[in-house]
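Chemist: Here the sequence shown stands for residues 2 to 389, where the numbers follow the numbering used here.
Note that the Cβ used here is the ideal one computed from N, Cα and C, for glycine as well.
The structure presented is a predicted model; accordingly, all values stated were derived computationally and were not measured.
Let me begin by handing over the structure; questions about it come next.
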Amino acid sequence: MNFKISESGYYGEFGGSYIPELLLPNIEELKSAFKRIVESTSFQRDFSKLLKEYVGRPTPLYYARRLSAHYNTNIYLKREDLCHTGAHKINNTIGQILLAQEMNKKRIIAETGAGQHGVATATVCALMGLKCIVYMGEVDMERQAPNVKRMQMLGAEVRAVHSGTKTLKDATNEAIRDWINHPEETYYLIGSVVGPHPYPHIVSIFQSVIGDEIKKQLQQSPDYILACVGGGSNAIGAFYPFLDDETVKLIGVEAAGLGLQSGKTAATLTLGSTGVLHGSKSKLIQTEDGQVVEPYSISAGLDYPGVGPVHAFLDQCGRVEYKNATDEEALIAAGLLTRLEGIIPALESAHAFAALEKINPLADENIVVNLSGRGDKDMETYQQKLKF
């Protein structure tokens, strides 16, 4: 496919920059800085060095022997759970903190759901000696308490959000309000492929290291790549280098929650319609009169009513097939992976593994599942739901 983004930040009809006039200088400054800095020799040197020596890249591509035997195919796990901080989020925060430094920003804000982006942001702020404020919904703070403590230990101020459903959407709302009130000194470090242009593009580029490594490690094109999708950063990171290779089947897996017809779901691409949320035009779950419907997922990181505009475009043009998995299916998949391979996945990643039940690969095909994070943060939920 001919995949590209327009100068104004659109993937087909999706994307753009729908922001208050007060933030236009910030967006223009960020566009200019990214374009000027990202291809420079010094930036690439510093980015690569930190990914290698601090993050621990390249992460392994692990052949899951027992899981492969269970499904009678070849399954490889891209071990993003082995990154420093325990998830893929650190790839993007390393890139963006270097941008923020070049732009001379001293105050960093972020939003987080599952807490992994918050931890990754707090980590790089500690590394660079910058002030860090993380917005997190009160509900997510309760179910992801270990990550809250990690952020605080790293020196971040975690601000609880009590509005709405007190989850990721509401945390994002508060972060944007903060940015509007402190536009000059603040860098907003967005964690997924959402938000106004150029954020979806920036995050896609920084996370594409995942797919670049898969290419080198497998030494051939895989038949399938599976990844969970909330906003969509780990998925686009795995998919991006393969978008023009249509021999590779790309499968994104959204959170169906308690079921598509239950009213308790976060399956945006299945149920959503076109609208504007958090600065970009994409698909979102909304009522007929445009009110956002509160999403639900057992996984805090997938509990979001929208999706990155790049995923809305890839769904519309058919390059990526988007499936969904319920809470129960994700829990079953997590238990299976744990017992067969001794690896406890994040609840987000478990949704991708649930899709192994929904495809019919041949015995000689190669499937890569992006294991985007580890399950330490979800142990309380696992214990409650799996009753061990």
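For N325, write down the residues that DSSP places opposite it in a beta bridge.
Modeler: Looking at the DSSP assignment, N325 forms a beta bridge with E255.
Chemist: Starting from S283, follow its DSSP beta bridges and name the residues at the other end.
Modeler: Answer is G276.
Chemist: Going by CA-CA distance only, name the one from L155, D377, G13 and L78 that's closest to V135.
Modeler: Minimum Cα distance to V135 is reached at L155.
Chemist: For the alpha helix (DSSP H) holding R80, just list the boundary residues, first then last.
Modeler: Segment N75 to R80 is the beta strand (DSSP E) holding R80; no alpha helix (DSSP H) there.
Chemist: Identify the continuous alpha helix (DSSP H) that holds I219 and give its terminal residues.
Modeler: Per the sequence shown, the amino acid found at residue 219 is Leu instead of Ile. Per DSSP, L219 belongs to the alpha helix (DSSP H) from V210 to L219.
Chemist: Taking 6 Å as the limit between beta carbons, can you name the residues of its chain near Y188, skipping five residues before and five after?
Modeler: Result list for Y188: A101, K106 and I109, in chain order.
Chemist: For L1, does the count of other Cβ atoms within 10 angstroms reach 16, so buried, or fall short, so exposed?
Modeler: No information on residue 1 is available, as it lies outside the stretch 2 to 389 that the chain covers here.
Chemist: Can you give me the Cβ contacts of G302 inside the same chain, cut-off strictly under 6 Å, excluding the 5 residues immediately before and after it?
Modeler: These residues qualify, in order along the chain: G114, A115, G231 and E349.
Chemist: Residues bridged to E158 by DSSP?
Modeler: I134, per the DSSP bridge assignment.
Chemist: Of the residues S41, N75 and D304, which one's Cα is nearest the Cα of V140?
Modeler: If we check each option's Cα against that of V140, D304 comes out closest.
Chemist: Report, in whole angstroms, the separation of the C-beta atoms of L363 and T42, which I expect to be a contact under 8 Å.
Modeler: Actually they do not touch by this definition, with Cβ atoms about 44 Å apart.
Chemist: Does V294 come out as helix, strand or coil in the three-state DSSP assignment?
Modeler: Coil, per DSSP.
Chemist: Which of the three DSSP states is assigned to I98 in this structure?
Modeler: DSSP places I98 in helix when its eight states are reduced to three.
Chemist: Could you compute how far the alpha carbon of Q292 sits from the alpha carbon of G273?
Modeler: If I take the Cα positions, the gap works out to 12 Å.
Chemist: Taking the beta carbon of D377 as the centre, do at least 16 other beta carbons fall within 10 Å, making it buried, or is it exposed?
Modeler: Exposed is the call here.
Chemist: Between the C-alpha atoms of R320 and F15, what's the straight-line distance to the nearest angstrom?
Modeler: Whole-angstrom Cα-Cα distance: 15 Å.
Chemist: State yes or no: is the C-beta of K79 within less than 8 Å of the C-beta of A331?
Modeler: The answer is no: Cβ separation not under 8 Å.
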